[in-house]
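Note sheet for the following structure.
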Ligand code: HH2
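Residue numbers (my numbering): 1 to 270.
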């Protein structure tokens, strides 16, 4: 799943493709790099982010969804029901829901739904996140929501531990280390670590200064391949080409738009 933030303020790519024409071009790049899904979002959910008014979020997201959906599967990254509704009408077939509450939209329209776990809201979620048992609490919440969605008739349900959403560095690492617990629910698992702050903190130099988002590719690749090896069915990433390559190199059957069979290709030179 390639990330396409049509926002001025996303934590790593904010403002880079805020104009629809640039966002659509970026979407085509993600497709060419091997994204199976392009995830279009019009509101940042980074810690401290402010809510975007409904009309503005619709203005950002809809032209991009409409332009890309004939070419690739499009998901809409929103917590607003009217945005999810409108994006589905414009061609999105997956609702990526960091609030884990929009399953009625997916049920009404027969589209897929991603339920992500978060504690708190972006305004305060990183202040002092606490859990007795982060892995069990995340699993239980997601399993409950998935059961409600299934009862409502949703057929495609993904669960996502919500790395960085009301979680300390240790919480994130524990969730990644025990991903098997989520996989054991039998629901397909999506994981999003790409360029997130905990990677910058873990890789901080001797001065203790965390790496900025643009320098977090190594950690992003390591955690994405780890997640896939632990049984995640999908990773949500900014750097699609590098992630596909990393997944292939460790022997994972990364899906691409071809048939994925590279065995007959001739190697030239080194
Ligand atoms: N992370 C972000 C946004 N949406 N959706 C799912 N399912 N899982 C995630 O981990 C996830 C998500 C945050 O990353 P990004 O979109 O790059 O940043 P921002 O929220 O600042 O736009």
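Ideal Cβ placement from N, Cα and C applies to all residues, glycine included.
Source: prediction; values computed, not measured.
query, result
"Same chain only: Cβ atoms within 7 Å of residue 263, ignoring 5 sequence neighbours per side", "Model confidence at residue 263 stands at a pLDDT of 45, short of 50, so the residue's coordinates are unreliable and nothing is read from them."
"Any non-hydrogen atom of ligand 1 within 7 Å of residue 190 CB", "yes"
"In DSSP terms, what residue 234 is bridged to", "190"
"Among 93, 182 and 29, the one whose alpha carbon lies nearest that of residue 284", "The structure shown does not extend to residue 284, since the chain spans only 1 to 270, so no value can be given for it."
"Boundaries (first-last residue) of the alpha helix (DSSP H) holding residue 207", "That residue, residue 207, is in no alpha helix (DSSP H); it is neither H nor E in DSSP."
"Cβ-based neighbour list, residue 104, same chain, cut-off 7 Å, excluding 5 preceding and 5 following", "152"
"Those residues which DSSP pairs with residue 116 across a bridge", "160"
"Whole-angstrom distance between residue 147 and residue 30, CA atom to CA atom", "33 Å"
"Outcome for residue 211 when other beta-carbon atoms lying within 10 angstroms are tallied against a minimum of 16", "buried"
"Buried versus exposed call for residue 55 [16 or more other C-beta atoms within 10 Å across all chains shown]", "exposed"
"Same chain, Cβ closer than 6 Å to residue 177, five either side skipped, listed in chain order", "none"
"Three-state class that DSSP yields for residue 40 in the structure shown", "strand"
"In DSSP terms, what residue 2 is bridged to", "38 and 237"
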